[in-house]
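J.:
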Amino acid sequence: ADFDCPAVANAVNPSQWGYYQGPIPNPNIGWQPIAPGRTVTAVINATAPNPGSDLSTVYDKVCDVDIVGGEMCGKFVDTVGAMRQHMRSAHPGSIANGTRSNPSVAEQAAGRNALKAWVLSGG
Numbered sequence: 333a334d335f336d337c338p339a340v341a342n343a344v345n346p347s348q349w350g351y352y353q354g355p356i357p358n359p360n361i362g363w364q365p366i367a368p369g370r371t372v373t374a375v376i377n378a379t380a381p382n383p384g385s386d387l388s389t390v391y392d393k394v395c396d397v398d399i400v401g402g403e404m405c406g407k408f409v410d411t412v413g414a415m416r417q418h419m420r421s422a423h424p425g426s427i428a429n430g431t432r433s434n435p436s437v438a439e440q441a442a443g444r445n446a447l448k449a450w451v452l453s454g455g
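Dropping the structure here:
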């Protein structure tokens, strides 16, 4: 019953808060601002040629950046901070620098509903 409701049926991804799951497009594919294997900081990430995709702080804990033709990275990361760091370093410019604030109640509800809709669709 928790999945069978209008809020889940009408959930969108991305929303006004960004992506909850992928595939998340990388508008800067191939952009390499520093030597591979080095940490791309938020300051360096902000210099990407194109704005990165927005990532919600409510996410599925798997790196869903589209690396080629709908194939996603797949790395599991446990925290939002670690996820953003992984995405900046492994997929530079793929995501916009996000906020460090906690998600609002509305963002949490929208994220949960979008993830439920994703599960119902077969992911």
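Under this note's numbering, residues 333 to 455 are what the sequence shown spells out, in order. We treat Cβ as the ideally placed atom computed from N, Cα and C, and that holds for glycine. Just so it is clear, the structure is predicted and the values come from calculations on it, not from any experiment.
Inspect the CB distances between the region 338-353 and the region 382-399 and report whether three or more fall short of 8 Å.
T.: A contact exists between the region 338-353 and the region 382-399.
J.: Leaving out the 5 sequence neighbours to the left and right, which residues in its chain are closer than 8 Å to Leu-452 when beta-carbon positions are compared?
T.: Position 120 of the sequence shown, counted from the first residue, corresponds to residue 452. Result list for Leu-452: Phe-335, Val-340, in chain order.
J.: Any idea what DSSP makes of Ile-366, helix, strand or coil?
T.: Mapped onto the sequence shown, residue 366 falls at position 34. Coil at Ile-366, not helix or strand.
J.: Which word fits Val-372, buried or exposed, when buried means at least 16 other C-beta atoms lie within 10 angstroms of its C-beta?
T.: In the sequence shown, residue 372 corresponds to position 40, counting from 1. The residue in question, Val-372, is buried, as its Cβ has 16 or more Cβ neighbours within 10 Å.
J.: Based on the DSSP secondary-structure assignment, which residues constitute the bridge partners of Glu-461?
T.: Here the chain has residues from 333 to 455 only, and residue 461 is not among them.
J.: Would you kindly report the start and end of the unbroken alpha helix (DSSP H) that includes Trp-349?
T.: As a working note, residue 349 is residue 17 in the sequence shown. Run containing Trp-349: none; DSSP gives neither H nor E here.
J.: For Gly-406, collect the residues of the same chain with a Cβ closer than 7 Å to its Cβ; drop the 5 residues on either side in sequence, then sort them by chain order.
T.: Counting from 1 along the sequence shown, the entry for residue 406 is found at position 74. Contacts found: Val-394, Cys-395.
J.: Report yes or no: do three or more beta-carbon pairs, one from the region 356-367 and one from the region 414-432, lie closer than 8 Å?
T.: The region 356-367 vs the region 414-432: in contact.
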